[in-house]
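Residue 167 in the UniProt record's numbering sits at position 167 of the sequence shown, with consecutive numbering throughout. So the structure is just underneath, and the comments pick up after that.
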Amino acid sequence: MLSFYLTILLVVLIIIFFLKLYPPFGKSPSRVEVNKYTASKNYNNNKFINPSSTSMKISLEDSITLIKDYLTKKTNRKPGTFLPIETNQWINNSKAKVIWFGHSAVLIEIEGKTLFLDPMLGKAPTPFPMFAGNRYSEKIPIEILDLPFIDAVLLSHDHYDHLDYGSIKKLKNKVGMFYVPLGVGSHLVRWGVAKEKIDEMDWWEEIQFDNLTFACTPSIHFSGRSVNDRNKTLWCSWVISGETTNLFFSGDSGFGSHFAQIGEKYGPFDLTMMECGQYDKRWSAIHMTPEETVQAQIDVKGKILIPIHWAAFTLSLHEWTDPIVRVTKEAAKRKVEISTPKIGEAVYIQTDEYPNSNWWS
1 MLSFYLTILL VVLIIIFFLK LYPPFGKSPS RVEVNKYTAS KNYNNNKFIN PSSTSMKISL
61 EDSITLIKDY LTKKTNRKPG TFLPIETNQW INNSKAKVIW FGHSAVLIEI EGKTLFLDPM
121 LGKAPTPFPM FAGNRYSEKI PIEILDLPFI DAVLLSHDHY DHLDYGSIKK LKNKVGMFYV
181 PLGVGSHLVR WGVAKEKIDE MDWWEEIQFD NLTFACTPSI HFSGRSVNDR NKTLWCSWVI
241 SGETTNLFFS GDSGFGSHFA QIGEKYGPFD LTMMECGQYD KRWSAIHMTP EETVQAQIDV
301 KGKILIPIHW AAFTLSLHEW TDPIVRVTKE AAKRKVEIST PKIGEAVYIQ TDEYPNSNWW
361 S
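Structure below.
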């Protein structure tokens, strides 16, 4: 009997050490850093909180139906062939533009600066990509080693489909600065990013980056990369304002009044990149439906909407084309302008024509 308990103890210790030592899990903020977060209005009872009461608990009944649906629903959850992409056609073109890499990874070139938002460029959003399926496109528009110098990376939160260990390791030496919500810098430091290259921000904080202004704005979501770090780091959306350009990036979010608040304070926006995908009624509080995406676009006072958070990974039960089909239908119904670029296709800002083909059909 003693040997049995010793075996259990050994297994537990191995798991604990593994969680501490395996780099992709990242690192939770230190006690010193946590003490700083107590000054934030968004921090309570040793964790970050949403701007309004948000239930993220899935009932036992929902858990059972979720497992059943995953096992039995035969929906078209991923494409049958690799998705088409555009490659490198925008290199050495100085026009202000946005290039979507699939899911929520977006490269932006505006006013002499190159920015990368949520650069998850790996094969799968998991700490164990060697055991997971590949992304929907066979390759990305431009490989990390071939990317130009990135003046700044902006991260929305620390989930695996937005913050990727392998991508950061390859990117870090060609990035000038990292702007992240509170706590996320701890992961980057563990992965070899110098502390002086990281700025952590709270909601509604602004920072000047030469001729650009970055504003860290609210979202309704959660965070965590391991079993014991739920909501130990903050999540956010981003406003990027220049002398002639104003952009909004939603990150991951459920629908809420924060969109109208952002629109009132920072809008109107020339172009927005809005979450549209990986939703389900069982987690509706933290991921918008396509119809809510259109309403959020109206609330933030956006001109052109690029739907993101789809076309790379299967993280929900809906058909892989459901987000884009529904959001384009709702946008047409409500007279909201929308752009639907292929992965890697440049969307030029403040022009009269935008990519708008039904390439997924």
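Every residue, glycine too, gets a C-beta built ideally from N, C-alpha and C.
Nearest to residue 361 (by Cα), restricted to the options 221, 21 and 324:
Within the sequence shown, numbered from 1, the residue matching residue 361 stands at position 361. Comparing Cα positions, the closest option is 324.
Using the three-state DSSP reduction, which class does residue 286 fall into: helix, strand or coil?
Here residue 286 corresponds to residue number 286 of the sequence shown, with the count starting at 1. Coil, per DSSP.
Once DSSP output is grouped into helix, strand and coil, what is the label at residue 307?
For the purposes of this step, residue 307 is identified with residue 307 of the sequence shown, where counting begins at 1. Residue 307 falls in the strand class under three-state DSSP.
Nearest-angstrom Cα distance between residue 328 and residue 244?
On the sequence shown, position 328 is the one that residue 328 refers to. On the sequence shown, position 244 is the one that residue 244 refers to. Spanning the alpha carbons of residue 328 and residue 244 requires a straight line of approximately 28 Å.
Nearest-angstrom Cα separation, counted from residue 354 out to residue 238:
In the sequence shown, the residue the question calls residue 238 occupies position 238. In the sequence shown, the residue the question calls residue 354 occupies position 354. If I take the Cα positions, the gap works out to 22 Å.
Please specify which runs of the alpha helix (DSSP H), each continuous and at least 4 residues long, are wholly inside the stretch 88-162, giving them in chain order.
none
Is there contact between the stretch 99-113 and the stretch 133-142, where contact requires at least three CB pairs shorter than 8 Å?
The stretch 99-113 makes contact with the stretch 133-142: 3 or more CB pairs, one atom from each, lie closer than 8 Å.
What does the alpha-carbon distance come out to for the pair residue 351 and residue 188?
In the sequence shown, counting from the first residue as 1, residue 351 sits at position 351. In the sequence shown, counting from the first residue as 1, residue 188 sits at position 188. If you draw a straight line from the Cα of residue 351 to the Cα of residue 188, it comes to about 36 Å.
List in chain order: all unbroken beta strand (DSSP E) runs of 3+ residues lying wholly within the stretch 166-199.
For the stretch 166-199, the continuous beta strand (DSSP E) assignments of 3+ residues that do not extend past its boundaries occur at 175-181, in sequence order.
Between 336, 228, 29 and 76, which lies nearest to residue 318 when the distance is taken from Cα to Cα?
By one-based count along the sequence shown, residue 318 stands at place 318. Comparing Cα-Cα distances from residue 318 to each of 336, 228, 29 and 76, the minimum goes to 76.
Along the chain, where does the beta strand (DSSP E) that runs through residue 209 open and close?
Residue mapping note: residue 209 aligns to position 209 of the sequence shown, counting from 1. Residues 205-209.
What residue range does the alpha helix (DSSP H) around residue 35 cover?
Walking along the sequence shown from the start, residue 35 turns up at place 35. Here the alpha helix (DSSP H) through residue 35 covers 31-37.
Does DSSP classify residue 47 as helix, strand or coil?
Position 47 of the sequence shown, counted from the first residue, corresponds to residue 47. In the structure shown, residue 47 sits in a strand (DSSP, three-state: E or B).
Is the CB-CB distance between residue 236 and residue 186 below 9 Å?
As a working mapping, residue 236 is identified with position 236 in the sequence shown. As a working mapping, residue 186 is identified with position 186 in the sequence shown. No.
Using the Cβ count rule (16 or more neighbours within 10 Å means buried), how would you classify residue 35?
For the purposes of this step, residue 35 is taken as residue 35 along the sequence shown, with counting starting at 1. Exposed, because fewer than 16 other Cβ atoms sit within 10 Å of the Cβ of residue 35.
Tell me which residues share the same chain as residue 258 and place their Cβ nearer than 6 Å to its Cβ, disregarding the 5 neighbours each side in the sequence.
Taking the sequence shown and counting its residues from 1, the one referred to as residue 258 is at position 258. Hits under 6 Å: 51 and 218.
Kindly indicate which residue of 176, 193, 337 and 312 has the alpha-carbon position closest to the one of residue 343.
Translated into the one-based positions of the sequence shown, residue 343 becomes position 343. When each option's Cα is compared against that of residue 343, the closest is 312.
Using a threshold of 9 Å, state whether the C-beta atoms of residue 126 and residue 151 are closer than that.
One-based indexing of the sequence shown puts residue 126 at position 126. One-based indexing of the sequence shown puts residue 151 at position 151. In this structure, residue 151 does not lie closer than 9 Å to residue 126 by Cβ.
Rounded to the nearest angstrom, how far is the Cβ of residue 117 from that of residue 222, given a contact under 8 Å?
For the purposes of this step, residue 117 is taken as the residue at position 117 of the sequence shown. For the purposes of this step, residue 222 is taken as the residue at position 222 of the sequence shown. Not quite, the Cβ-Cβ distance comes to about 19 Å (not below 8 Å), so this is no contact.
Residue 304 beta carbon less than 9 Å from that of residue 334:
In the sequence shown, counting from the first residue as 1, residue 334 sits at position 334. In the sequence shown, counting from the first residue as 1, residue 304 sits at position 304. Cβ atoms of residue 334 and residue 304: not closer than 9 Å.
When the Cα of residue 201 is compared with those of 119, 295, 31 and 234, which residue comes out closest?
Mapped onto the sequence shown, residue 201 falls at position 201. Answer by Cα proximity: 234.
Report back the beta-carbon spacing between residue 300 and residue 269 to the nearest angstrom; my notes put them in contact at under 8 Å.
Here residue 300 refers to the residue found at position 300 when the sequence shown is read from its first residue. Here residue 269 refers to the residue found at position 269 when the sequence shown is read from its first residue. Correct: roughly 6 Å between the Cβ atoms.
Does residue 275 come out as helix, strand or coil in the three-state DSSP assignment?
Looking up residue 275 in the sequence shown gives position 275. Residue state, collapsed to three classes: strand.
For the alpha helix (DSSP H) that residue 347 lies in, which residues bound it at each end?
Indexing the sequence shown from 1 puts residue 347 at position 347. Not the alpha helix (DSSP H): residue 347 falls in the beta strand (DSSP E), residues 346-348.
For residue 21, the three-state DSSP class (helix, strand or coil)
Along the sequence shown, one-based indexing puts residue 21 at 21. Three-state result, residue 21: helix.
Throw me the rounded Cβ distance for the residue 215 and residue 165 pair, which I believe falls under 8 Å.
The sequence position of residue 215 within the sequence shown is 215, counting from 1. The sequence position of residue 165 within the sequence shown is 165, counting from 1. Incorrect: roughly 27 Å between the Cβ atoms, too far for contact.
Neighbourhood of residue 359 by C-beta, 8 Å cutoff - its chain only, sequence neighbours within 5 removed:
Taking the first residue of the sequence shown as position 1, residue 359 is located at position 359. Cβ within range, chain order: 84, 340 and 342.
For residue 167 and residue 119, which I take to be in contact (beta-carbon distance under 8 Å), what is that distance rounded to the nearest angstrom?
The count along the sequence shown starts at 1 and reaches residue 167 at position 167. The count along the sequence shown starts at 1 and reaches residue 119 at position 119. Indeed they touch by this definition, with Cβ atoms about 5 Å apart.
Return the first residue and the last residue of the beta strand (DSSP E) that residue 240 is part of.
The count along the sequence shown starts at 1 and reaches residue 240 at position 240. Start and end: 237-241.
Using CA atoms only, rank isn't needed, just tell me which of 316, 302 and 315 is closest to residue 331.
In the sequence shown, counting from the first residue as 1, residue 331 sits at position 331. Minimum Cα distance to residue 331 is reached at 302.
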